[in-house]
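Peer 1: In our numbering, the protein residues as written are 1 to 331. Dropping the structure in here first, questions after.
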């Protein structure tokens, strides 16, 4: 019978395949068929789809997993198919952790841009050209903060290795020195706080909180503007703005439910110093599905995608196309 982490790995691989197929299709539609989305926002959603594919590639390389044990957790790699130096796998783990923050930050930038389009179009124009490159650099900056914090505050030491050694041997049949790892243990043997590890939790929490504060602020403001201040805007424009807002909300809710809520437990449960032993790495199997769900949600809520997909489908099936033509002639 396969171990839970092996099942999780299979789910993650299915997620990688689905992301590659769905996001490639989404990019194809956006570039060659969608006319209602243009300019800066079109570039932003293409960047988001590309990021999803890159995240799936990083997941294949890093094969990340997490295990929570009492007052600590260990973030490690189960990559056994690449005969490479441990330092390389650690680097892929850092990139993977950072890249999710980059994607979350890019979603918050999209919220800010859509809000500015509604209330200050002149300011929104600053996102064009070099502006979008700058916004991408800002997203990368937040990801770098997370990666550097993990590299500085999350490196294992003699105490953390000893603390996790027996647990990893029992649960995964792995010797603690034989695989790349980052370990957070909140309390020392005498019960005192290990401030280096605490600093990682603080930095990661602040990093994520900034993104969600911006998302919530812009989301509420957009909702109020569309309900109260949209009197002089055409019905068509109202409709497309509402579709974009719904799509952005899905882009936020999906990773929040699939990753952020579970991650809060993973990150903060050691503070409670409870007796526990959980293979919490299943959250990476869930997050592997996020980019494809994100793209599917966007295509569902923005009506032009549905129309284009239906048109392509009918063009591929002559019988359906002829039936549709007859319906058009004889309503």
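Glycine is no exception: its CB is placed at the ideal position from the N, C-alpha and C atoms.
#1: Pull up the distance between the alpha-carbon of residue 200 and that of residue 88, whole angstroms please.
#2: Mind reading off the beta-carbon distance from residue 58 to residue 92? Whole number of angstroms is fine, and I expect it under 8 angstroms.
#3: So which of 23, 79, 35 and 168 has the shortest CA-CA distance to residue 53?
#4: At which residues does the alpha helix (DSSP H) containing residue 223 begin and terminate?
#5: How would you write the range of the alpha helix (DSSP H) that residue 45 sits in, first residue to last?
#6: Using the rule of at least 16 other Cβ atoms within 10 Å of the residue's Cβ for burial, across every protein chain shown, is residue 83 buried or exposed?
#7: Suppose contacts are defined by Cβ-Cβ distances below 9 angstroms. Is residue 111 in contact with residue 215 by that definition?
#8: Here's the rule I'm using: 16 or more other beta-carbon atoms within 10 Å means buried, otherwise exposed. How should residue 293 be labelled?
#9: With distances taken from CA atoms, which of 298, 131 and 210 is nearest residue 46?
#10: Per DSSP, what kind of secondary structure is residue 23 in: helix, strand or coil?
#11: Which same chain residues, not among the five before or five after residue 44, have their C-beta less than 6 angstroms away from its C-beta?
#12: Give the DSSP bridge partners of residue 73, in chain order.
#13: Need the endpoints of the alpha helix (DSSP H) that residue 161 sits in, please.
#14: Can you check which of these residues, 38, 72, 96 and 280, is closest to residue 262 by C-alpha distance?
#15: Grab me the residues of residue 78's own chain with a C-beta within less than 6 angstroms of its C-beta, minus the 5 sequence neighbours each way, in chain order.
#16: Going by C-alpha distance, which of 80, 203 and 295 is nearest residue 174?
#17: Hey, residue 72 and residue 172 are a contact pair by Cβ (cut 8 angstroms); roughly how many whole angstroms apart?
#18: DSSP three-state label for residue 286, please.
#19: Considering residue 103, what are the terminal residues of the alpha helix (DSSP H) in which it resides?
#20: Give the single residue among 67, 34 and 316 whose Cα lies nearest to the Cα of residue 277.
#21: Quick check: what's the CA-CA separation for residue 225 versus residue 14?
#22: Using a Cβ-Cβ cutoff of less than 8 angstroms, which residues in the same chain neighbour residue 97 once the five nearest sequence positions on both sides are dropped?
#23: On a Cα-Cα basis, can you pick out the residue from 60, 255 and 134 that is closest to residue 208?
#24: To test your reading of the DSSP string, which unbroken alpha helix (DSSP H) runs of 4 or more residues are found completely within the stretch 234–275?
#25: Cβ atoms of residue 244 and residue 290: under 9 angstroms apart, would you say?
#26: Below 8 angstroms on the Cβ atoms is my guess for residue 51 versus residue 106; work out the distance and round it to an integer in Å.
#27: Which of helix, strand or coil does DSSP assign to residue 29?
#28: Report all residues from its chain with a CB closer than 8 angstroms to the CB of residue 144; omit the five preceding and five following residues, and keep chain order.
#29: According to DSSP, is residue 145 part of a helix, a strand, or is it coil?
#30: Would you mind sorting residue 181 into buried or exposed? The rule is 16 or more other CB atoms within 10 Å of its CB.
Peer 2: Reading it off the structure:
#1: 21 angstroms
#2: 6 angstroms
#3: 23
#4: 195–228
#5: 39–62
#6: exposed
#7: yes
#8: buried
#9: 298
#10: helix
#11: 110
#12: 68 and 184
#13: 158–172
#14: 280
#15: 63 and 65
#16: 80
#17: That belief does not hold up - the Cβ atoms of residue 72 and residue 172 are roughly 15 angstroms apart, past 8 angstroms.
#18: helix
#19: 86–119
#20: 67
#21: 40 angstroms
#22: 64, 75, 146, 147 and 150
#23: 255
#24: 235–255 and 261–272
#25: no
#26: 7 angstroms
#27: helix
#28: 98
#29: helix
#30: buried
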